[in-house]
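First comes the structure, then the notes that go with it.
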Amino acid sequence: MSTDLWTWIGAFLTLMIFSFLYKDNPFYKFAEHLFVGVANGYYIVFYWHQALKPNLYEPLKSGNFLYLIPLLLGLLYFTRFIPKISWLVRLPLGFMIGWGAGISIPANLQAFIFRQIEGTVVTPGSFSDGYEGLWSLIILIGVICTVIYFFFSTEHRGIFKFGSRLGIIFIMLGFGASFGYTVMARVSLLIGRIQFLFGPWLGLIK
Amino acid sequence: MKFFQSLTRIDRRLIYLILTVLVILPFFLKFHLPQNIMPQTKRLYDFIDGLVPQENKAALVSIDYTPQTMPECHPMAISILTHCFKKRIPIIGISFDPQAPGLAIEAFNTVVIRLNACATTKNDSIIYGRDYIYLGWKSGRIAALMEMGEKISNVFPRDYYNNNTDSLPLMQRIKNYRDISIAIILAAADYPQEWLMYAQARYGLKLGTGLTAVMAPKYYPFLQTGQLSGMMSGMKGAAEYENLLLKSGHTTETGKAETGMNSQTLVHLLIIMLIIIGNIGYFFLQQKKEH
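Protein sequence lines correspond, in order, to chains Y and F.
With the working numbering applied, the first sequence has no gaps in its numbers, which climb one by one up to 256 at the end.
With the working numbering applied, the second sequence has no gaps in its numbers, which climb one by one up to 396 at the end.
Structure representation (structure tokens):
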């Protein structure tokens with residue numbers, strides 16, 4: 051069994067959180083509120099020491115007054131709380147939206163549209179390996195049918211009906227995979243806590 | 106009728122109890138359920154295993170997971186660091202998640218202490234500054250990712266321990282993405298997406314990922330297009346990598362992920378059974394209602 055005080059605190063907090071599985075209770079509430087408080091405290095101290103101090107406070111202190119511009123832009127966000135000058139918030143928002151759109155639109159197109167379309171196209175080269183070729187064909191059919199399912203400009207009849215029905219199957223397979231992976235992720239977190247409780251705390255497992 | 110009703114209304118507390126017992130049991134009953142290795146994990150392993158140690162090349166490991174996702178991502182970090190060090194591939198560690206630096210340091214320390222315990226000479230040892238460095242956390246991910254393509258030390262002028270980055274022996278040889286063989290992102294949030302957009306698409310940087318299972322389905326399309334050189338998905342991916350390291354003789358035992366997979370398999374069987382039972386109850390209830 052552990053002799054480390056922090057391990058004991060961790061173990062008790064874990065058990066307090068797990069007690070919610072039976073029903074809501076004051077122990078759970080205490081652990082929940084403690085977590086929110088600690089997390090907030092951590093972030094405030096972290097951002098001060100790792101972001102604001104080295105990137106703003108220290109340059110300003112050393113006389114680099116160019117940093118007053120981002121400081122001013124940042125402070126303008128708080129004008130939302132003063133109704134008379136709340137319109138000033140549009141300046142930093144406009145700057146961020148303009149910068150964000152400019153930087154992300156070309157990168158998005160390149161990484162997520164062009165490369166994905168490229169990956170969907172089936173060429174004779176795709177069949178150099180029969181197994182891979184079959185999968186390429188399935189991906190192509192899956193993409194087309196799923197797009198048909200979301201094509202609402204015409205009634206889903208005839209070939210469109212067949213395509214959209216097949217599209218639903220592909221979509222459902224996607225949902226199933228996501229659900230399966232989500233279950234695995236949540237169980238992994240439980241396993242992690244059990245390993246902590248029976249390992250470092252109780253010392254029953256390695 | 107009552108029986109079928111009870112099938113659809115099992116007390117959730119009973120389910121939690123059975124689930125907890127199934128998670129705990131495998132830790133005490135020593136048995137091993139076989140695991141197959143998925144192609145995406147093998148691809149990542151093969152890529153790293155195929156790297157040849159070069160004077161001016163390093164692997165970049167971005168450790169971006171959080172304490173709550175440690176059971177999935179921490180074993181991945183341990184395995185990747187072990188594999189690179191065993192192959193004598195220098196590592197540059199960074200983080201973009203505010204919760205990650207403490208975990209990154211723990212992962213580095215665990216692996217370095219373990220490997221140095223077996224080292225007999227200084228050349229065999231893993232030495233900070235020569236074989237690996239950890240540059241710490243940086244705000245403004247997108248700008249940082251793009252700037253690292255020009256010069257890494259512009260983004261991280263000082264390392265986690267406040268050393269001048271350019272003064273470290275490793276960083277005198279490594280300048281930007283051109284000197285990075287592969288960047289491996291171990292993440293519990295959507296960070297790999299930004300790496301794909303700003304480092305892979307723009308600079309052609311090779312990327313590998315280790316993700317929580319929840320995130321994995323989103324990243325499969327990038328494996329198919331070759332934008333990702335490999336991927337570990339959740340605890341299973343981590344266990345697969347541990348097994349690959351064991352089989353190739355890089356390690357002598359598997360880690361925490363492999364141990365957890367027995368519990369994982371039992372719980373999955375329970376969930377499959379519960380889904381089937383629930384559906385049987387629902388099906389017969391519907392039939393009775395129709396009659």
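Even glycine gets a Cβ: it sits at the ideal position worked out from N, Cα and C.
Endpoints, the beta strand (DSSP E) within which residue i is located
i: T370 (chain F); result: Premise fails: T370 (chain F) lies in the alpha helix (DSSP H), 361-395, not in any beta strand (DSSP E).
Start and end residues, alpha helix (DSSP H) containing residue i
i: M222 (chain Y); result: 209-246
i: M175 (chain F); result: 175-191
i: Y121 (chain F); result: 117-133
i: E168 (chain Y); result: 165-170
i: A321 (chain F); result: 321-329
i: T113 (chain F); result: 107-113
i: R148 (chain F); result: 144-154
i: R140 (chain Y); result: 140-158
i: K111 (chain Y); result: 108-111
i: I119 (chain Y); result: 118-126
Proximity of residue i and residue j at Cβ, strictly below 9 Å
i: L58 (chain F); j: Y239 (chain F); result: Absent from the model: residue 58 (chain F). The displayed extent of chain F is 106 to 396, so no value can be given.
i: L250 (chain F); j: I287 (chain F); result: no
i: Y324 (chain F); j: M340 (chain F); result: no
i: G241 (chain F); j: R263 (chain F); result: yes
i: I289 (chain F); j: V166 (chain F); result: yes
i: L328 (chain F); j: A292 (chain F); result: no
i: N348 (chain F); j: T359 (chain F); result: yes
i: H355 (chain F); j: K191 (chain F); result: yes
i: I168 (chain F); j: A182 (chain F); result: yes
i: T174 (chain F); j: V216 (chain F); result: no
i: L301 (chain F); j: A151 (chain Y); result: no
i: A63 (chain Y); j: A89 (chain Y); result: One point to set straight first is that residue 63 (chain Y) is Leu, not Ala, in the sequence displayed. Cβ atoms of L63 (chain Y) and A89 (chain Y): not closer than 9 Å.
i: Q140 (chain F); j: E345 (chain F); result: yes
i: G242 (chain Y); j: G365 (chain F); result: yes
i: L122 (chain F); j: I382 (chain F); result: no
i: A163 (chain F); j: T232 (chain Y); result: no
Neighbour-count burial assignment, residue i, 16 or more Cβ in a 10 Å radius
i: D236 (chain F); result: buried
i: I119 (chain Y); result: exposed
i: M320 (chain F); result: buried
i: K361 (chain F); result: buried
i: S353 (chain F); result: exposed
i: H179 (chain F); result: buried
i: C223 (chain F); result: exposed
i: D116 (chain F); result: exposed
i: E205 (chain Y); result: exposed
i: R140 (chain Y); result: exposed
i: I218 (chain Y); result: exposed
i: P158 (chain F); result: exposed
i: E160 (chain F); result: exposed
i: M51 (chain Y); result: exposed
i: I163 (chain Y); result: exposed
i: T270 (chain F); result: buried
i: D202 (chain F); result: buried
i: K211 (chain Y); result: exposed
i: L134 (chain F); result: exposed
i: F459 (chain F); result: In the structure displayed, chain F extends from 106 to 396; residue 459 (chain F) sits before or after that span and is not available.
i: W185 (chain Y); result: exposed
i: V128 (chain F); result: buried
i: W98 (chain Y); result: exposed
Under the three-state DSSP convention, the category residue i falls into
i: M336 (chain F); result: strand
i: I94 (chain Y); result: helix
i: Y72 (chain Y); result: coil
i: V166 (chain F); result: strand
i: G198 (chain F); result: strand
i: I232 (chain F); result: coil
i: I198 (chain Y); result: helix
i: I210 (chain F); result: helix
i: L316 (chain F); result: strand
i: L254 (chain Y); result: coil
i: L240 (chain F); result: strand
i: V216 (chain F); result: helix
i: F136 (chain F); result: coil
i: M51 (chain Y); result: coil
i: I132 (chain Y); result: coil
i: E400 (chain F); result: Outside the shown range of chain F (106 to 396) lies residue 400 (chain F), about which nothing can therefore be said.
i: K227 (chain F); result: coil
i: A81 (chain Y); result: helix
i: E345 (chain F); result: helix
i: P104 (chain Y); result: helix
i: T173 (chain Y); result: coil
i: H206 (chain Y); result: coil
i: V157 (chain F); result: coil
i: A61 (chain Y); result: helix
i: P203 (chain F); result: coil
### Query
Could you give the uninterrupted runs of the beta strand (DSSP E) lying entirely in the segment 242-314 of chain F, keeping only those of 3 residues or more?
285-292
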